[in-house]
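Working notes, structure below.
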Amino acid sequence: MTFTRLDIPDVILCKPTIFKDERGSFLESYRHDKLCDFIGYNIKFCQSNQSKSILGVLRGLHYQLPPYAQTKLVHVVKGSALDVVVDIRKGSPTFSKHLSVELSEKNNYQLFVPRGFAHGFIA
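Each residue of the sequence shown is one higher than the one before, starting from 1 at the first, in my numbering.
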């Protein structure tokens, strides 16, 4: 798995290594140790969510305020989505900046979204 800091450096694009052979393919969808090493601090995921949306559905922008703020690791299992994050951390050097990434079943990318960001996507 490789990790890339995006234009907002706290948001990380995670690209898994996909191993293919005549049987199909295999990838590690999450490696806690590697992600924590890359971002430089320990993260704790305590919830896993899944949504299913029809073409053109817009979900978000969702956010949680402390003490309920959440770190998210977002991916698409089937189809594709344009995923959008906005930095809503007051005092952050990237406050109010946004970025978008296409996540799909074809690229298998994941987006690491730390606490303090609004998040949404369009299917």
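By construction, the Cβ of each residue, glycine as well, lies at the ideal position given by its N, Cα and C atoms.
Here the structure is a predicted model, which is why all the values come from computation and not from measurement.
> In terms of residues, what are the limits of the beta strand (DSSP E) holding Leu27?
Replying inline: Here residue 27 is taken as the residue at index 27 of the sequence shown, counted from 1. Taken as a continuous stretch (DSSP letters only), the beta strand (DSSP E) holding Leu27 covers Gly24 to Leu27.
> For His98, which residues from the same chain have a beta carbon less than 7 Å from its beta carbon, with the 5 sequence-adjacent residues on both sides left out?
Replying inline: Sequence index remark: in the sequence shown, residue 98 carries index 98 (1-based). Answer for His98: Val84, Val85 and Val86, listed in chain order.
> Taking three-plus beta-carbon pairs below 8 Å as touching, is the region 69 to 78 in contact with the region 38 to 51?
Replying inline: The answer is yes - the region 38 to 51 touches the region 69 to 78, with three or more Cβ pairs under 8 Å.
>> Classify Gln110: buried if its beta carbon has 16 or more other beta carbons within 10 angstroms, exposed otherwise.
In response: To locate residue 110, count along the sequence shown from 1; it is residue 110. So Gln110 counts as buried.
> Cβ of Cys14 within 8 Å of Cβ of Phe112?
Replying inline: Indexing the sequence shown from 1 puts residue 14 at position 14. Indexing the sequence shown from 1 puts residue 112 at position 112. Cβ distance < 8 Å, so Cys14 and Phe112 count as in contact.
>> By the three-class DSSP mapping on this structure, what secondary structure does Cys14 have?
In response: Here residue 14 refers to the residue found at position 14 of the sequence shown. Three-state DSSP puts Cys14 in a strand.
>> Just verifying my parser: in three-state terms, what is the DSSP assignment at Lys97?
In response: On the sequence shown, position 97 is the one that residue 97 refers to. In the structure shown, the three-state DSSP call for Lys97 is coil.
> Should Ile8 be labelled buried (16 or more other beta-carbon atoms within 10 Å of its own) or exposed?
Replying inline: One-based indexing of the sequence shown puts residue 8 at position 8. With 16 or more Cβ atoms within 10 Å of its Cβ, Ile8 is classed as buried.
>> Run through the DSSP bridge pairs and tell me what Glu102 is partnered with.
In response: Position 102 of the sequence shown, counting from 1, holds the residue named residue 102. Leu82, per the DSSP bridge assignment.
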